[in-house]
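Student: Residues in the sequence shown are numbered consecutively from 1, following the UniProt record's numbering.
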Amino acid sequence: MMVFLVVSLAGFRGDISRKPPLEVFPDMDRQPKLRPMEPNSFFKNGMSSQSLVKGTIARSQPIALTDGKEVYPFEKGHVVVSGFESGTNTVETIPIPVTSQLMARGRAKYNISCVPCHGGQGDGNGVVKYFGFSAIKDLHDPNVVKLNDGQIYRVITVGNQEGKGLMKGYANTLDITDRWAIVAYVRALQLSRLGKEEEVPERFHVKAGPEAQKPEG
């Protein structure tokens, strides 16, 4: 009897019908739920989407600062969140510890969010340049290099010219630590061109001349 039922049900597979299909395991394909802005008689205003309860705090992880203190992303007025040190003065240097992990994170996020426009070297030769977008900023431009870290952070957060320029902000796709990590990586890209030889640790020096050509052994 069971074999007959299974074969009978399986025989409907592949048929076209306007009726709901026969399901052995529904897998929660249909479940009671409320979609955004859908009517809902449970609440007095008749809406599914409700405003946050007064005093609601966003769930987040604290950000460690260079002085060891911790700040949460919802502390909007703090320098690590806004980029402003006092009033309209942007912070001079990155307020979180710049570690190898932060640099690696900055490189990864830069490659995802910034390379299409600014290019892998930061010279403004990203792929979008070949599709009619010619006004891409070269990050090695002296006017960019002289910006302090807070100003670069603001551009990443809200866009250039505080959101009034061509580049728009990435606050909705990059969290606060990601943005500071990108600032650190942009500085590394700039230093790769503007740095002096004496600033490079000796262990990274590359020998030049005939001695460098001698095979080992």
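For every residue, glycine included, the Cβ atom is placed at its ideal position computed from N, Cα and C.
For E70, which beta-bridge partners are listed by DSSP?
Tutor: Residue 70 sits at position 70 when you count from the first residue of the sequence shown. E70 pairs with A64.
Student: To which residues of the same chain is E199 closer than 7 angstroms at the C-beta, ignoring the five residues directly before and after it?
Tutor: If you number the sequence shown from 1, residue 199 lands on position 199. Around E199: no qualifying Cβ.
Student: For the region 85-155, list the beta strand (DSSP E) runs that are entirely contained and at least 3 residues long, ordered along the chain.
Tutor: You should have found no qualifying run.
Student: Leaving out the 5 sequence neighbours to the left and right, which residues in its chain are closer than 8 angstroms to P116 when beta-carbon positions are compared?
Tutor: As a first step, residue 116 must be located in the sequence shown, where it is residue number 116. Around P116: G126, V127, V128.
Student: I'd like to know if the region 58-78 and the region 88-98 are in contact, where contact means that at least 3 CB-CB pairs between them fall below 8 angstroms.
Tutor: As far as the Cβ criterion goes, the region 58-78 touches the region 88-98, which means the pair count is three or higher.
Student: Return the CA-CA distance between K137 and E202, expressed in angstroms with no decimal places.
Tutor: Counting from 1 along the sequence shown, the entry for residue 137 is found at position 137. Counting from 1 along the sequence shown, the entry for residue 202 is found at position 202. Between K137 and E202, the C-alpha separation is close to 33 angstroms.
Student: Which one of M167, I156, S60 has the shortest CA to CA distance from E75?
Tutor: Taking the sequence shown and counting its residues from 1, the one referred to as residue 75 is at position 75. The option with the nearest alpha carbon to E75 is S60.
Student: Closer than 8 angstroms by C-beta to K19: which residues in its own chain qualify, once you throw out the five before and the five after it? Chain order, please.
Tutor: If you number the sequence shown from 1, residue 19 lands on position 19. So the list is empty, once near-sequence residues are dropped.
Student: Secondary structure at M28, three-state DSSP: helix, strand or coil?
Tutor: The count along the sequence shown starts at 1 and reaches residue 28 at position 28. Three-state DSSP puts M28 in coil, outside helix and strand.
Student: Inspect the beta-carbon positions of K109 and L174 and report whether they are closer than 8 angstroms.
Tutor: Indexing the sequence shown from 1 puts residue 109 at position 109. Indexing the sequence shown from 1 puts residue 174 at position 174. A contact, by the Cβ cut-off of 8 angstroms.
Student: Which first and last residues belong to the alpha helix (DSSP H) in which Y185 is found?
Tutor: Numbered from its first residue, the sequence shown carries residue 185 at position 185. Segment 176-194, the alpha helix (DSSP H) holding Y185.
Student: Are the region 31-49 and the region 73-88 in contact at 8 angstroms, needing three or more beta carbon pairs?
Tutor: Too few Cβ pairs lie closer than 8 angstroms, so no.
Student: Pull up the distance between the alpha-carbon of L22 and that of E38, whole angstroms please.
Tutor: Locating residue 22 in the sequence shown gives position 22, counting from the first residue. Locating residue 38 in the sequence shown gives position 38, counting from the first residue. Going from the Cα of L22 to the Cα of E38 covers about 28 angstroms.
Student: May I ask which residues mark the beginning and end of the alpha helix (DSSP H) holding V80?
Tutor: For the purposes of this step, residue 80 is identified with residue 80 of the sequence shown, where counting begins at 1. V80 -> alpha helix (DSSP H) spans 79-82.
Student: Taking the alpha-carbon positions, what's the P73 to K168 distance?
Tutor: Reading the sequence shown from its first residue, position 73 is the one you call residue 73. Reading the sequence shown from its first residue, position 168 is the one you call residue 168. In a straight line, the C-alpha of P73 is about 20 angstroms away from that of K168.
Student: R179 and I156 look like a contact to me (Cβ under 8 angstroms); what is the Cβ gap, rounded to whole Å?
Tutor: Numbered from its first residue, the sequence shown carries residue 179 at position 179. Numbered from its first residue, the sequence shown carries residue 156 at position 156. Indeed they touch by this definition, with Cβ atoms about 5 angstroms apart.
Student: In or out: V81 buried (at least 16 other Cβ within 10 Å) or exposed?
Tutor: Here residue 81 refers to the residue found at position 81 of the sequence shown. Its Cβ being crowded by 16 or more others within 10 Å, V81 is buried.
Student: Do A184 and L102 have their C-beta atoms within less than 8 angstroms of each other?
Tutor: Indexing the sequence shown from 1 puts residue 184 at position 184. Indexing the sequence shown from 1 puts residue 102 at position 102. Result yes, Cβ atoms of A184 and L102 sit closer than 8 angstroms.
Student: Tell me the rounded alpha-carbon separation between I176 and I16.
Tutor: Counting from 1 along the sequence shown, the entry for residue 176 is found at position 176. Counting from 1 along the sequence shown, the entry for residue 16 is found at position 16. When rounded, the distance between both Cα atoms is 51 angstroms.
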